[in-house]
Ligand SMILES: [Zn+2]
């Protein structure tokens, strides 16, 4: 029987990690689904959907030697592999400002009030150590108007002194 | 009129370059009616190209009138379309009948001028921008065997304001 797992791998970044991990999984008869890798603060992070006939423990045993060698934290969760049901975003936000506690909570809190479903979130800390800046991009779906989103975000723009650009996404299908 | 079957990636036929229409005769007119029927059976879809249904002729249909927030020229049947000038660029999200369950960002010209024959074989020319111009460029790419997934742009966004329409 084929099972789906979500693998989470975290460690110091160096070239070749994805290649080695995917080779081990392929050699064991695994099939990769969707994956997302990012380098966050110099750390290698990846989440990979894996389809394989093995049980959870066997997947862990498969990855452990590599995890030791590459000094990676590995975490395996059994999941439902719900492919072929992508939800398209209809709004995009860019947020930036001086790095300060609470930007993410404030912005996503306002969005959650409108049942905005975040489909993709990426944030970076740029600038210098003395003057860090925070930059965040969000794409998601909400069944509401652009103006109601703007209205809900307005108070925190003035309160936090951050810049929020909000754009509708109208996917052209042809 | 009949609904035609849509070719789906990775079908090699989507890579074929389509040939110009020599004469707009009854056969072509009949095919256009079928292509229109096929397009209208796809909710939310604003364009279709003949090669998507396995007819490798340079014919496209674009109709953005269901989205009045975007400037448009209504229902357009374009035969042998050629982009004669283009200006500016914009990144926007696209999907395709031939690439189910995937959408991605593509860079296109913001303004274009397109010349073609209409369904009666008369010469027509349009100046377009934004969403409608994007649709035309997407469909003309199909005539040249190209798909939007050949031209995806990265996911990490720049801070620059973009037209993502
Ligand atoms: Zn298409």
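Chains as they are written, first to last, in our numbering: chain A, 8 to 181; chain B, 17 to 181.
Quick reminder that beta carbons are idealized off the backbone N, C-alpha and C, glycines included.
Quiz item: If you measure from the beta carbon of residue 92 (chain B) to each beta carbon in chain A, is any gap under 8 Å?
Solution: Taking Cβ atoms only, chain A never reaches closer than 8 Å to residue 92 (chain B), which makes this a no.
Quiz item: Nearest-angstrom Cα distance between residue 2 (chain A) and residue 129 (chain A)?
Solution: The structure shown does not extend to residue 2 (chain A), since chain A spans only 8 to 181, so no value can be given for it.
Self-check item: Beta-carbon contacts of residue 12 (chain B) that lie in its chain and below 8 Å, excluding the five residues immediately before and after
Solution: In the structure as shown, chain B begins at 17 and stops at 181. Residue 12 (chain B) is therefore absent and cannot be evaluated.
Self-check item: Interface partners of residue 109 (chain B) on chain A, CB under 8 Å
Solution: Here the neighbours are 95, 96, 176, 177, 178, 179.
Quiz prompt | Chain-ordered neighbours of residue 82 (chain A) on chain B, where CB pairs are closer than 9 Å | solution = Residues of chain B passing the Cβ test: none, with the nearest at roughly 24 Å.
Practice problem: Please determine if the segment 81-94 of chain A and the segment 43-53 of chain A are in contact, where contact requires at least 3 C-beta pairs separated by less than 8 Å. | Solution: No, the segment 81-94 of chain A does not touch the segment 43-53 of chain A.
Practice problem: Measuring alpha carbon to alpha carbon, tell me which of A:9, A:121, A:181 ends up nearest residue 239 (chain A). | Solution: Missing from the structure shown is residue 239 (chain A); chain A here goes from 8 to 181 and no further.
Exercise. Over the uninterrupted alpha helix (DSSP H) stretch that includes residue 147 (chain B), give me the two end residues.
Key: 146-159 is the extent of the alpha helix (DSSP H) around residue 147 (chain B).
Self-check item: Cβ pair count under 8 Å reaching 3, the segment 130-140 of chain A against the segment 59-74 of chain A
Solution: The segment 130-140 of chain A, when compared against the segment 59-74 of chain A, does not touch it at the 8 Å Cβ threshold.
Exercise. For residue 46 (chain B), name the three-state secondary structure that DSSP assigns.
Key: It is helical.
Quiz item: Going straight from the alpha carbon of residue 81 (chain B) to that of residue 162 (chain B), what length do you get?
Solution: Approximately 25 Å between the Cα atoms of the pair.
Quiz item: When the distance is taken between beta carbons, is residue 49 (chain B) closer than 8 Å to residue 17 (chain B)?
Solution: Yes.
Quiz item: Which residues in the same chain have their Cβ closer than 6 Å to the Cβ of residue 98 (chain B), if we skip the five residues on either side of it in sequence?
Solution: Cβ within range, chain order: 131.
Exercise. Have a look at A:10, A:8, A:118, A:80 and flag the residue whose alpha-carbon is nearest the alpha-carbon of residue 155 (chain A).
Key: The residue with the shortest Cα to Cα distance from residue 155 (chain A) is A:118.
Self-check item: Backbone secondary structure at residue 178 (chain A) - three-state DSSP
Solution: Residue 178 (chain A): coil per DSSP, three-state reduction.
Practice problem: Give the secondary structure of residue 20 (chain B) by DSSP, where H, G and I count as helix, E and B as strand, and everything else as coil. | Solution: Looking at residue 20 (chain B) - three-state DSSP - the assignment turns out to be coil, as it is neither helix nor strand.
Quiz item: Between the segment 71-86 of chain A and the segment 17-31 of chain A, do at least 3 Cβ pairs fall closer than 8 Å?
Solution: Contact between the segment 71-86 of chain A and the segment 17-31 of chain A is established, with three or more Cβ pairs separated by less than 8 Å.
Quiz item: Applying the criterion that 16 or more other CB atoms from any shown protein chain within 10 Å of the CB defines a buried residue, is residue 177 (chain A) buried or exposed?
Solution: So residue 177 (chain A) ends up on the buried side.
Quiz prompt | Residues of its chain near residue 127 (chain B), where Cβ-Cβ distance is below 6 Å and the 5 sequence neighbours each way are ignored | solution = Correct list, in chain order: 103, 104, 145.
Quiz item: Using the beta-carbon of each residue, which ones in chain A are nearer than 8 Å to residue 118 (chain B)?
Solution: Under the 8 Å cutoff, chain A gives 93.
Quiz prompt | Heavy atom of ligand 1 within 7 Å of residue 82 (chain A) beta-carbon | solution = Relative to ligand 1, residue 82 (chain A) has its C-beta separated by 7 Å or more from all heavy atoms.
Quiz item: Whose Cβ in chain A lies nearer than 7 Å to the Cβ of residue 48 (chain B)?
Solution: Here the premise fails: no neighbours, minimum Cβ distance about 16 Å.
Exercise. List in chain order the residues whose CB is within less than 5 Å of at least one heavy atom of ligand 1.
Key: Counting only heavy atoms of ligand 1, the residues whose C-beta sits closer than 5 Å to one of them are, along the chain, A:181, B:112.
Exercise. Drop a sphere of 10 angstroms on the beta-carbon of residue 33 (chain B), count the other beta-carbons inside from all chains shown, and report buried for 16 or more, exposed for fewer.
Key: Residue 33 (chain B) comes out exposed.
Self-check item: Residues near residue 160 (chain A) in its chain [Cβ-Cβ closer than 6 Å; skip 5 each side]
Solution: Around residue 160 (chain A): 117, 171.
Quiz item: Which one of A:54, A:35, A:164 has the shortest CA to CA distance from residue 41 (chain A)?
Solution: Nearest to residue 41 (chain A) by C-alpha distance, out of A:54, A:35, A:164, is A:54.
Quiz item: What residue does the beta strand (DSSP E) around residue 59 (chain A) start on, and which one ends it?
Solution: Residue 59 (chain A): member of the beta strand (DSSP E) spanning 50-59, first to last residue.
Quiz item: So, does the CB of residue 26 (chain B) fall closer than 8 Å to a CB anywhere in chain A?
Solution: No, residue 26 (chain B) does not count as interfacial toward chain A.
Quiz item: On the three-state DSSP scale, how would you describe residue 175 (chain B)?
Solution: Summary for residue 175 (chain B): the model assigns pLDDT 47, below 50, so the residue's position carries little reliability, and this model does not support an answer.
Quiz item: What is the rounded straight-line gap between the Cα of residue 16 (chain A) and the Cα of residue 85 (chain A)?
Solution: Each residue's alpha carbon lies about 15 Å from the other.
Quiz item: So with Cβ pairs under 8 Å, would you call residue 6 (chain B) a contact of chain A?
Solution: Because chain B spans 17 through 181 in this model, residue 6 (chain B) falls outside it and cannot be assessed.
Quiz item: Would you say residue 180 (chain A) and residue 113 (chain B) are within 8 Å of each other, going by their C-beta atoms?
Solution: It is a contact, given that the beta carbons lie within the stated cut-off.
Quiz item: For residue 116 (chain A), which of helix, strand or coil comes out of DSSP?
Solution: Here residue 116 (chain A) sits in helix by DSSP.
Quiz prompt | Exposure label - residue 143 (chain B); buried when at least 16 CB within 10 Å | solution = If you draw a 10 Å sphere on the C-beta of residue 143 (chain B), you find fewer than 16 other C-beta atoms in it, and that means exposed.
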